[in-house]
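One structure below.
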Amino acid sequence: FDNGHEVTYAVLRFSARGEDCVALKSYPYDWQLYAYREDPKWFNQETPLWLGSSKEEPTSSQFSELLNSRPEFKMSKNMRQMQRMMGNDDQ
Numbered sequence: 002f003d004n005g006h007e008v009t010y011a012v013l014r015f016s017a018r019g020e021d022c023v024a025l026k027s028y029p030y031d032w033q034l035y036a037y038r039e040d041p042k043w044f045n046q047e048t049p050l051w052l053g054s055s056k057e058e059p060t061s062s063q064f065s066e067l068l069n070s071r072p073e074f075k076m077s078k079n080m081r082q083m084q085r086m087m088g089n090d091d092q
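The sequence shown runs contiguously to residue 92 in the numbering used here.
Spelled out as structure tokens, the structure:
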């Protein structure tokens with residue numbers, strides 16, 4: 002995005018560890034980082050969870066580090082889906 006102008010608004014989509022992630026930039030604030038997590042109350046519904054913020058444009062490796070530090074994402078998306086299918090909901 003570095004074309005000599007300050008970014009006023011941007012949305013970046015990432016996939017990190019199989020999770021859908023989004024970075025949102027709104028001038029003059031830092032990048033806000035989110036990951037989507039399945040909502041156990043609603044079938045096929047995902048809820049964004051705030052992971053943190055970054056002064057610089059984030060990378061997928063930064064998202065991976067943040068995901069690894071959160072208990073909600075201790076299991077991969079596929080493992081969470083298998084757990085729900087077996088009736089062992091981790092929510």
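The C-beta atom is built at its ideal place from N, Cα and C for all residues, glycine as well.
Below 8 Å on the Cβ atoms is my guess for residue i versus residue j; work out the distance and round it to an integer in Å.
i     : j     : result
Arg14 : Ser77 : In fact, because the Cβ distance is near 19 Å, the residues do not count as touching under 8 Å.
Gly53 : Leu34 : 5 Å
Glu57 : Ala36 : Actually they do not touch by this definition, with Cβ atoms about 18 Å apart.
Starting from residue i, trace the beta strand (DSSP E) in both directions and tell me its first and last residue.
i     : result
Lys26 : 20-27
Ser61 : Note, Ser61: premise wrong, no beta strand (DSSP E); alpha helix (DSSP H) at 61-69.
Gln33 : 32-39
Gly53 : 47-55
Within 10 angstroms of its Cβ, does residue i collect 16 or more other Cβ (buried), or is it exposed?
i     : result
Arg81 : buried
Gln63 : buried
Pro29 : exposed
Trp51 : exposed
Pro72 : exposed
Phe44 : exposed
Using DSSP's beta-bridge definition, name the partner residues of residue i.
i     : result
Val12 : Leu25
Are the beta-carbon atoms belonging to residue i and residue j less than 7 Å from one another?
i     : j     : result
Ser16 : Trp32 : no
Could you spell out the range, first to last residue, of the alpha helix (DSSP H) harbouring residue i?
i     : result
Gly78 : Contrary to the premise, residue 78 reads as Lys rather than Gly in this sequence. Note, Lys78: alpha helix (DSSP H), 78-86.
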